[in-house]
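Down below is the structure, laid out as structure tokens.
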Amino acid sequence: MSVDVPMSRAPCQPLPRHIAIVMDGNGRWAQQRSLPRTAGHREGAKAVRRIVRACSERDIEVLTLFAFSSENWRRPRPEVEVLLKLFLTTLRGEIRRLDTANVRLRFIGDYRAFPENLQDYIVKAERRTAANTGLTLVIAANYGGRWDLAQAARRVSEAVLEGRLQPGDITPAVLHSFTCLSDLPEPDLFIRTGGEQRISNFLLWQMAYAELYFTDRLWPDYDDGDLESACAAFASRQRRFGRTAEQVAQNQHA
Ligand code: FPP
Numbered sequence: 001m002s003v004d005v006p007m008s009r010a011p012c013q014p015l016p017r018h019i020a021i022v023m024d025g026n027g028r029w030a031q032q033r034s035l036p037r038t039a040g041h042r043e044g045a046k047a048v049r050r051i052v053r054a055c056s057e058r059d060i061e062v063l064t065l066f067a068f069s070s071e072n073w074r075r076p077r078p079e080v081e082v083l084l085k086l087f088l089t090t091l092r093g094e095i096r097r098l099d100t101a102n103v104r105l106r107f108i109g110d111y112r113a114f115p116e117n118l119q120d121y122i123v124k125a126e127r128r129t130a131a132n133t134g135l136t137l138v139i140a141a142n143y144g145g146r147w148d149l150a151q152a153a154r155r156v157s158e159a160v161l162e163g164r165l166q167p168g169d170i171t172p173a174v175l176h177s178f179t180c181l182s183d184l185p186e187p188d189l190f191i192r193t194g195g196e197q198r199i200s201n202f203l204l205w206q207m208a209y210a211e212l213y214f215t216d217r218l219w220p221d222y223d224d225g226d227l228e229s230a231c232a233a234f235a236s237r238q239r240r241f242g243r244t245a246e247q248v249a250q251n252q253h254a
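Under the UniProt record's numbering, the first residue of the sequence shown is numbered 1, with each subsequent residue one higher.
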């Protein structure tokens with residue numbers, strides 16, 4: 001069977017609407033094979049392809065990938081350069097396939113710090129896929145949760161100074177509307193590969209009620225079966241959003 005033909009599967013229910021992933025373990029995957037760390041990132045890009053397709057086939061609405069954090073600039077310069085090049089070549093290589101698969105691409109983060117050709121391509125890729133109605137693939141690039149909150153606070157202050165908003169009007173819902181991804185459902189499942197158990201300044205505001213799922217699998221090895229396990233774990237959890245287990249059970253049977 002061709003790899004492009006969707007497999008029939010009985011999906012775990014409920015499915016997360018929005019999955020956010022920290023793709024960790026590229027460097028260790030390479031080191032285990034005595035390869036340079038950058039070989040791990042290249043293999044990681046292949047895993048991105050697999051998981052985007054798997055989410056698309058499962059009718060997941062949004063997949064957000066942490067591709068480059070605001071802190072990743074601290075890595076050795078050659079590694080940063082390879083990562084930036086890899087984003088561009090992966091984007092260029094995949095855009096047609098993504099578009100045909102009805103995937104809408106979005107980027108979040110302060111990507112003005114990136115080389116101009118990458119910035120231009122980001123804008124182009126977003127425009128090209130803007131009307132697509134399938135999976136929304138969000139790439140977090142030069143993104144940090146604290147950066148997001150700071151830019152939201154800055155824009156709220158501007159609105160107050162311009163008289164469009166009163167300080168007393170600033171509720172969580174109003175602040176939310178200034179954060180990245182405010183037009184999309186909040187992440188309900190957060191996955192981190194590579195064995196570490198932290199959020200690392202990812203979607204701090206948006207993940208308030210996300211179910212957290214950690215796996216030792218290194219990102220370049222991550223596959224459809226791993227995603228299935230994460231979705232099964234998600235389906236087995238009771239989400240209470242501050243209510244009691246009994247209240248939730250009553251609603252479920254109402
Ligand atoms: C973390 O692993 C991974 C990254 C900082 C980069 C992720 C980038 C990709 C998967 C490449 C392509 C992505 C897109 C969206 C085109 P690490 O280097 O911290 O691994 P380690 O913890 O084993 O050192």
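Yeah, the Cβ is synthetic: ideal placement off N, Cα and C, and Gly gets one too.
Note that the structure is a prediction, hence the values are computed from the model and not measured.
At least one heavy atom of the ligand FPP sits closer than 7 Å to the Cβ of Ile139. Ser236: not part of any alpha helix (DSSP H); DSSP gives it neither H nor E. The segment 120–140 makes contact with the segment 93–107: 3 or more CB pairs, one atom from each, lie closer than 8 Å.
Arg104 has Thr136 as its beta-bridge partners, per DSSP. A check of alpha carbon separations from Val80 across Ala113, Leu63 and Gln32 identifies Ala113 as the nearest. Relative to the ligand FPP, the beta carbon of Arg53 is positioned no closer than 7 Å to any heavy atom.
Residue range Gly145 to Leu161 is occupied by the alpha helix (DSSP H) that includes Ala159, with no beta strand (DSSP E) assigned at that position.
Look at Arg192 here: in three-state DSSP terms it is strand. Separation of the CB atoms of Leu181 and Ile108 is rounded to 7 Å, and the pair is thereby assigned contact status at 8 Å. Under the three-pair Cβ rule at 8 Å, the segment 207–224 counts as touching the segment 38–55. A heavy atom of the ligand FPP is found nearer than 7 Å to the CB of Phe87.
Between Val52 and His18, the beta carbon gap of about 14 Å keeps them out of contact (Cβ cut-off 8 Å). Judged by the Cβ position, Arg37 qualifies as a neighbour of the ligand FPP at the 7 Å threshold, a heavy atom of the ligand being closer than this.
In this structure, the ligand FPP has no non-hydrogen atom nearer than 7 Å to the beta-carbon of Thr171. The beta carbon of Asn201 sits no closer than 7 Å to any heavy atom of the ligand FPP. When beta bridges are read from the DSSP output, Thr64 appears opposite Ala20 and Val138.
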